[in-house]
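Protein chains in written order, with the working numbering: chain E, 1 to 116; chain Y, 1 to 111.
This report refers to the structure that appears directly beneath it.
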Amino acid sequence: GALVYQYPRRTICKSGTSMRMECQAVGFQATSVAWYRQSPQKTFELIALSTVNSAIKYEQNFTQEKFPISHPNLSFSSMTVLNAYLEDRGLYLCGARTGTSAETLYFGSGTRLTVL
Amino acid sequence: QQKVQQSPESLIVPEGGMASLNCTSSDRNVDYFWWYRQHSGKSPKMLMSIFSNGEKEEGRFTVHLNKASLHTSLHIRDSQPSDSALYLCAASRNSNNRIFFGDGTQLVVKP
């Protein structure tokens, strides 16, 4: 079956520092990886969509300078939160699929970011 | 971001009752809808998808889609306490791979 491993599960960082999270797809080719943030208030935002061999597309209010993403192959993607502040708190989720528009998105377990 | 609006924000139903959840997209070009379920402390898992007008049933779960009104609904009959979770609606266009989620309906099924 299709599985997505995401790590770390939770992380605490000091305000102004950075943290990186990683996703590993098992059992399928992760042609597309979408990164989301679910805030403590439960808003669910798309940060960016990464497709292998294409430019990464960031949504409004999210930038490569703040959330650099790497997607070097069909099984791995990582995202860094640079200079994290209180407003960056939340559950970060990676969702991966093989790439066609009607395919189901499989989520990793999420990385819960706490900023002190 | 394209908007996916869900209602109600929260819903309490008795065990054995019917839960009805709603979702509307603001994108007139949306082609696909999904319903995901997220138990507390877990990641979302796909429950059902619907791409054509009409109804689709899987066990106790039924989804409806009206593309003209960009509205989908999820109905859970004979609700069980284990159905208590955050239910997320997602929508996407055929022309791109971006999937947008609503903020969810928090369902509580009381024994």
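For every residue, glycine included, the Cβ atom is placed at its ideal position computed from N, Cα and C.
Source: prediction; values computed, not measured.
Using a Cβ distance threshold of 8 Å, Y:ALA90 and Y:VAL4 count as a contacting pair.
Sorting E:ALA2, E:PHE28, E:MET21 by C-alpha distance to the C-alpha of E:GLY90 places E:MET21 at the top. By the neighbour-count criterion, in which a residue is buried when 16 or more other Cβ atoms sit within 10 angstroms of its Cβ, Y:ALA68 is exposed.
A Cβ-Cβ separation of about 20 Å leaves E:TYR36 out of contact with E:LEU74 under the 8 Å criterion. Here DSSP, grouped into helix, strand and coil, assigns Y:GLU55 to strand.
In this structure, E:CYS23 sits away from E:GLN38, with a CB-CB distance that is not shorter than 8 Å. Per DSSP, Y:HIS39 lies in no beta strand (DSSP E) segment and is marked neither H nor E. Interface criterion met: the Cβ of Y:SER92 is under 8 Å from a Cβ in chain E.
Taking a cut-off of 8 Å for Cβ pairs, the region 45-65 of chain E and the region 9-20 of chain E do not touch, as fewer than three such pairs fall below it.
Taking the C-beta atoms as reference points, E:LEU82 is found nearer than 8 Å to E:PRO68.
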